[in-house]
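Undergrad: For what it's worth, UniProt numbering labels the leading residue of the sequence shown as 1, then goes sequentially. C-beta atoms are modelled at their ideal positions from N, C-alpha and C, and glycine is treated no differently.
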Amino acid sequence: MLTTTAPKRHSMLSSKSTLSSVTLEDSPGGRMLDEWREKFVLSQQEAIEIYTDMHRKDDTPKGGFARRHSHITWNLQAWLPTSTMNLTIVFNPKELLRFGRLTWDFLTIVLVAFDALVLPILLAWPERFRENGPVDNFYKVTPVFWVIDILMNFAIASLSGKKKKALLMYACSWFWFDVCLVVLDFVLLLQMVPETLKALTLLRLFRFAKFKHAMVELESILESRGLIRAKHISTILQCVIFILIVNHVLACVTVYVGRREQQSHRTNWMDENQVTDNSWLFQYMISFNWVIAEYTPAPYPFAATNELEQALVLAIILTCLPMLGAQIGIISGTLNKMNEKTKERESVKRDLQRWLRKTKAPKALTQRVVAALDEVLRSGENPLDFREPLALDFLPTTLIQELHMVNTSDKLSIHPLFSMLMDERLEFGGRLASSFQSKVYIHGEVIFSEGRRAEGVYITTHGGFSFQPSKSENFHVKNRNSKSVHWNNESWFAELSLYLSRIHASTLTAMTYAKSLTMTYQSFIEAVHDWPAIVVAVHEYAQSFLKLYEKKSYVLESTWELPPTEWTYDSVAATQLAELLIPGTSRLHSFKVNHVPKSVDYRKLLQEDADSLNSLDDQIDEVLDQTAEFKEDSGIYDALGCQEEAKRATLSMLCLGWFVRDNYQHMTINQDRPSRLSKSTWKSIRDLLFCDEMTLDELNGLMVLLACRGICKSPDFAKIVPPRDRTRPEQVLSYAVENLQAYLPSLASLTGESYQYLGPVVDILKEFNFPQFLQGENNPHSVFLLQDGLTNQGEKVLKMCLLSQVCILCGVTGTVTLKGSLFLNEANGRCLVRALHALQQIHELDPHAVYWKYIQSRAEALNLPVMTPSHMVQARLACLTRCVEQQLAMELQDDWLHLTQKERDVLLDVFLLDGHEQKTFVFVYLPLFLANSRANHDVNLLGGLKFLVEIYDRLLQHRCLSLTGPSVMVDLSSMALVMKDVEDIPTLRKCFDFAKLVKHENGVTILLTTNSYQVLSGSVSWFITPEVLTCLELKKRGAGSWTTQH
């Protein structure tokens, strides 16, 4: 941070919000569209408020995405990245219940159908079935099945959405019917019915009556999927089966009546017609024929011979004949409907052919049009079957819109992001559904083709498609399959074009009559315009999705339109909104412990007489063994992919032990000899940190604090923190210390004095950024905040805070080596001494004196004068540019002299106003901005300072200083990144001309647009014509369209 070769992590880049605007800016092909970045910056603060309100609500449904039931939902594992756990997809509970009930109903229908076939035969010819045979044993078991059926109906009712109503409805309707039939089953099983009443067994067939809703459900499924013809065929088959079953039962009953009369030695139709001696099959066919003959006026040689037989004949004529007529009527009506559809299709086709002839369309075109129409009319999505009914004209517009939204939402729910955004609590489903347009394709029609600009996402809803990857040799993709892929299932394509400007690398063609829903990125951006929570969620999703794509872009360059499905699930899980809508789905919850963990004890690392840890390897092993969060298999750092932060935290803890034990050798073991920290500077740092004045319990608590701080930078860990408290790692750490001990075993194990000071120390860390103070990035107002925070705290809190801050700085090189700190060299050590010495006087001096005393001490170390305001600005610039050598200080002085007087006056305002009593700008990432300027020989530090003056003037022109707060934060991250490689100042100015100044509640963000990056890459010439110059001058005079104000 304080040397010219300091790591980037020493700057503010390491402590920015998880909602940072610096995302993929320097990744080729990974820069998000300007509109998304601008809307994200504008929406951050309001989204935090919305997320906080959602977090407070206790009545959030826990089972799935709100009250809206999509085709799929995710359980806990589904939100986990596929690298750590397999993706698990389960059906929506309501859909699963519906499927289970339908399956059970059809199983019972099969059993009742078996009864309808066997029971009449068993009644008429009981000798055909031997005792203890398969059929006899079957009927001994079935009563148990029907008892289970009653229990199953109660279970299904209890699992439904309206449990009480469903249970009451079943108990008052079909329950008594089922109970009566089950009682009858057991009565027959126990042979408690005399032979004369054996016909009561046919009462079991009444179970057919309760399964009509199953057939209605089947027909509704067929109709919803466009299988209208299959529905008609199903209706006809039901009628035919009903007629056959009724006649089968009557035929067997007729034989039963004849045989019963025969056994009673009375006249009967079987003896009179001499059919007794024939086989049972012949008897059945004769009886079946006689039953059918009763439906017609034609004479039949058989007739009733007694009262009972005549009563049966009359019953057949009076009851079964109307039923037969009704079934025949249904069949005729269904056949008429099918014929009407055929006639209608032929009529539509003839009308089209007639119109084509009158318009004299070319023959080839006519053939293509007619063939396309034939394909459409033959498809399951025949438009004639989906015409809007007349009843819609009488319904309110709101209901019609809701119907449209539901139909579209069901199709969109296959995509995890859109399924989440249609949650009813967000009230965004209607807006999202209306942003999609339905498109129809015929066989062979190209939906998108290679080389065309991608317009947006495509979600296929019907038909077959062919996806043909690019065959261009320019991609050089390894293991790329250039063969086309065919499928008929629902999917989505080209989602990446919603967030990036892309050119299609593949071709998608319709193989049948097909439909899709499409949405352009402009429509998507317009839809989320007034929804800050949605904007932030989409931005977070896109960030995660683009990062995944960047890792595999070389392999997937020719098939980017069809990325792995797992990416969408992982990216949805990366959003804050996902955890808010379904609390508990974060993978972090698997680390929650319900027992008090074993106490951590770092005494071996903190006591001077601990001889058992002489080697560095032993000390590293001791840290890893004592800290549960660092475990490779079960630790939270490893599980959340924060291995680098774990190394930094480990080195910070080791540095604390070295400070306490005065172990200079281990601290400097890997430092180069010319820049190695001297023993005198080491002693000065230790004296200012007051390590010897702290107890082992206090130091043990600081060890745990350093162990837990790194995980607070993880976005996954931050999701369980209220949104208002997750914008910075220090805020997350503060909340974790107070409320999240269950997720951090080391923290939960602390008691008494070890835990006593952690809360106050973290509160100070949250208010005061020591690294910014060290390099002069903040202003005296930050010292005022520190002083105010220490008002009710003692000296102990300040000392523990400074010790932890220094250890954190020393641990930033943990990713390079854990054996010694490369940061704490001589140059940085002297700067630390001056900063610590200045802050030790915070209770005696006012904030201005403390701040400028430190800046003055840095200047004196470089032999810079500090007599005038101009000198003080140069001194602060020396801190900002990480200047620790006199040669660099002399170059800084020379650059200052080459500035004009006006530029120097502007820089006096920039760097001397305190931000407390005098309102000013605080330029975030300014050290990186100046360091990159100095590193770029085409710009140099002088060019960077001149350009900073231009930025300041632009901010004043657009009245950015009028924003609330004593200090207005200006995010220079985009400009800081381009300063390193820009070719010259004119190109930089042109780049800035295309940039946008976005005002928001937290300050101002400078966003470079696509045109800005094209200027930098040379795609757009920066030559300014007089007309363009006039437009730019007009923009400078007023905010107009140049500034977006929130």
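1) Applying the 10 Å Cβ sphere with the 16-neighbour rule, what's the burial state of G64?
2) At which residues does the alpha helix (DSSP H) containing G701 begin and terminate?
3) In three-state terms, what does DSSP make of D601?
4) For R502, does the three-state DSSP call read helix, strand or coil?
5) Excluding five sequence neighbours on each side, which residues of the same chain lie with their C-beta closer than 6 Å to the C-beta of T1010?
6) Does R676 come out as helix, strand or coil in the three-state DSSP assignment?
7) Determine the closest residue to V246 out of T235, L218, F206 and W280, with distance taken between C-alpha atoms.
8) When the Cα atoms are used, what is the spatial distance from W104 to P299?
9) So for L839, helix, strand or coil by DSSP?
10) Please determine, among H265, Q805 and Q841, the residue with the shortest C-alpha to C-alpha distance to L824.
11) Buried or exposed for W74, please, with buried defined as at least 16 other CB atoms from any protein chain shown within 10 angstroms of its CB.
12) Look at the Cβ atom of I48, then the Cβ atom of A533, and state whether they are nearer than 7 Å.
13) At the level of alpha carbons, what is the spacing between D662 and T681?
14) Quick one: residues in its chain with C-beta nearer than 7 Å to the C-beta of P597, no 5 flanking neighbours on either side, listed in chain order?
15) According to DSSP, what are the bridge partners of Y300?
16) Using a Cβ-Cβ cutoff of less than 7 Å, which residues in the same chain neighbour L702 once the five nearest sequence positions on both sides are dropped?
17) From the DSSP secondary-structure annotation, give me the bridge partner or partners of Q468.
18) Measure the alpha-carbon distance for K902 versus D909 and round it to whole angstroms.
19) When DSSP labels each residue in this structure, what does S434 get in the three-state scheme?
20) By alpha-carbon positions, which one of P715, W290 and M667 ends up nearest to T813?
21) Per DSSP, which residues does H1000 bridge with? Please list them.
22) Looking only at DSSP bridge pairs, what is V457 linked to?
23) Counting along the chain, where does the alpha helix (DSSP H) carrying T920 start and finish?
24) Which residue from R882, C252, Q856 and A849 puts its Cα closest to that of N828?
25) Would DSSP call K439 helix, strand or coil?
26) Output the boundary residues of the beta strand (DSSP E) element that contains V761.
27) In terms of DSSP beta bridges, what is W492 paired with?
28) Looking at C-alpha atoms only, which residue of E272, L624, L877 and S734 is the closest neighbour of V761?
29) Along the chain, where does the alpha helix (DSSP H) that runs through S967 open and close?
30) Which residue comes first and which comes last in the alpha helix (DSSP H) that contains F992?
31) What residues in its chain sit with their C-beta under 7 Å from that of M872, if we drop five residues either side in the sequence?
32) Give the DSSP-derived three-state secondary structure of F823 in the structure shown.
33) The beta strand (DSSP E) that contains I447, what's its start and end?
34) In chain order, what residues of the same chain lie with their CB nearer than 8 Å to the CB of V253, ignoring the 5 residues before and after it?
35) One question on the structure: do L556 and G811 come within less than 7 Å of each other, judged by their Cβ atoms?
36) From H781 to Q772, what distance separates their C-alpha atoms?
TA: Taking the structure as given:
1) For this step, residue 64 is matched to residue 64 along the sequence shown. Reliability fails at G64, whose pLDDT of 38 lies under 50, so the model's placement of it is uncertain and no value is given.
2) Sequence index remark: in the sequence shown, residue 701 carries index 701 (1-based). Taken as a continuous stretch (DSSP letters only), the alpha helix (DSSP H) holding G701 covers L696 to R709.
3) Mapped onto the sequence shown, residue 601 falls at position 601. For D601, the three-state secondary structure derived from DSSP is coil.
4) Along the sequence shown, read from residue 1 onward, the residue named residue 502 stands at position 502. Shown here, R502 sits in coil according to DSSP, grouped into three states, outside any helix or strand.
5) Here residue 1010 refers to the residue found at position 1010 when the sequence shown is read from its first residue. So the qualifying residues of the chain are D34.
6) As a position in the sequence shown, residue 676 is number 676, starting the count at 1. Correct three-state label for R676: coil.
7) Sequence index remark: in the sequence shown, residue 246 carries index 246 (1-based). Closest by alpha carbon: F206.
8) Here residue 104 refers to the residue found at position 104 when the sequence shown is read from its first residue. Here residue 299 refers to the residue found at position 299 when the sequence shown is read from its first residue. Straight-line Cα distance between these residues: approximately 46 Å.
9) Position 839 of the sequence shown holds residue 839. DSSP places L839 in the helix class (H, G or I) of the three-state scheme.
10) Position 824 of the sequence shown holds residue 824. Minimum Cα-Cα distance from L824 among the listed residues H265, Q805 and Q841 corresponds to Q805.
11) As a position in the sequence shown, residue 74 is number 74, starting the count at 1. Model confidence at W74 stands at a pLDDT of 38, short of 50, so the residue's coordinates are unreliable; what they give is reported in the following sentence. Result: buried.
12) Translated into the one-based positions of the sequence shown, residue 48 becomes position 48. Translated into the one-based positions of the sequence shown, residue 533 becomes position 533. No, Cβ-Cβ distance for I48 and A533 is not below 7 Å.
13) Indexing the sequence shown from 1 puts residue 662 at position 662. Indexing the sequence shown from 1 puts residue 681 at position 681. CA-to-CA, the gap between D662 and T681 works out to about 12 Å.
14) Here residue 597 corresponds to residue number 597 of the sequence shown, with the count starting at 1. A628, P745, A748 and S749, listed in sequence order.
15) Position 300 of the sequence shown, counted from the first residue, corresponds to residue 300. In DSSP, Y300 forms no bridge with anything.
16) As a working mapping, residue 702 is identified with position 702 in the sequence shown. In the same chain as L702, and ignoring 5 residues on each side of it, the C-beta atoms closer than 7 Å to its own belong to L656, M800, L803 and S804, in chain order.
17) Taking the sequence shown and counting its residues from 1, the one referred to as residue 468 is at position 468. In DSSP, Q468 forms a bridge with T507.
18) Here the question's residue 902 lines up with position 902 in the sequence shown. Here the question's residue 909 lines up with position 909 in the sequence shown. Taking the straight line joining both Cα atoms gives about 11 Å.
19) As a working note, residue 434 is residue 434 in the sequence shown. Of the three classes helix, strand and coil, the one that applies to S434 here is helix, per DSSP.
20) In the sequence shown, counting from the first residue as 1, residue 813 sits at position 813. For T813, the closest alpha carbon among the candidates P715, W290 and M667 is that of M667.
21) Counting from one through the sequence shown, the residue named residue 1000 turns up at place 1000. DSSP, once it has assigned bridges, lists G1003 as partnering H1000.
22) Within the sequence shown, residue 457 is the residue found at index 457, counting from 1. In the DSSP output, where bridge partners are listed per residue, V457 has M519.
23) Translated into the one-based positions of the sequence shown, residue 920 becomes position 920. Premise fails: T920 lies in the beta strand (DSSP E), T920 to V924, not in any alpha helix (DSSP H).
24) Counting from 1 along the sequence shown, the entry for residue 828 is found at position 828. It is R882.
25) One-based indexing of the sequence shown puts residue 439 at position 439. Strand at K439.
26) For the purposes of this step, residue 761 is taken as residue 761 along the sequence shown, with counting starting at 1. V761: not part of any beta strand (DSSP E); member of the alpha helix (DSSP H) spanning L758 to E767, first to last residue.
27) Your numbering for residue 492 matches position 492 in the sequence shown. Its beta-bridge partners are I459.
28) Indexing the sequence shown from 1 puts residue 761 at position 761. It is S734.
29) Translated into the one-based positions of the sequence shown, residue 967 becomes position 967. First-last for S967: S967 to D971, but that is the beta strand (DSSP E), not the alpha helix (DSSP H).
30) For the purposes of this step, residue 992 is taken as the residue at position 992 of the sequence shown. Here the alpha helix (DSSP H) through F992 covers I985 to D993.
31) The residue given as residue 872 occupies position 872 in the sequence shown. So the qualifying residues of the chain are W852, I855, V866 and L912.
32) Counted from its first residue, the sequence shown places residue 823 at position 823. Looking at F823 - three-state DSSP - the assignment turns out to be coil, as it is neither helix nor strand.
33) Counting from one through the sequence shown, the residue named residue 447 turns up at place 447. Annotation for I447: the continuous beta strand (DSSP E) segment containing it runs V446 to F448.
34) In the sequence shown, residue 253 corresponds to position 253, counting from 1. Closer than 8 Å at Cβ, skipping near neighbours: P120, L123, A124, A199, L202 and L312.
35) Taking the first residue of the sequence shown as position 1, residue 556 is located at position 556. Taking the first residue of the sequence shown as position 1, residue 811 is located at position 811. Using a Cβ distance threshold of 7 Å, L556 and G811 do not count as a contacting pair.
36) Working through the sequence shown from its first residue, we reach residue 781 at position 781. Working through the sequence shown from its first residue, we reach residue 772 at position 772. Cα-Cα distance, rounded: 12 Å.
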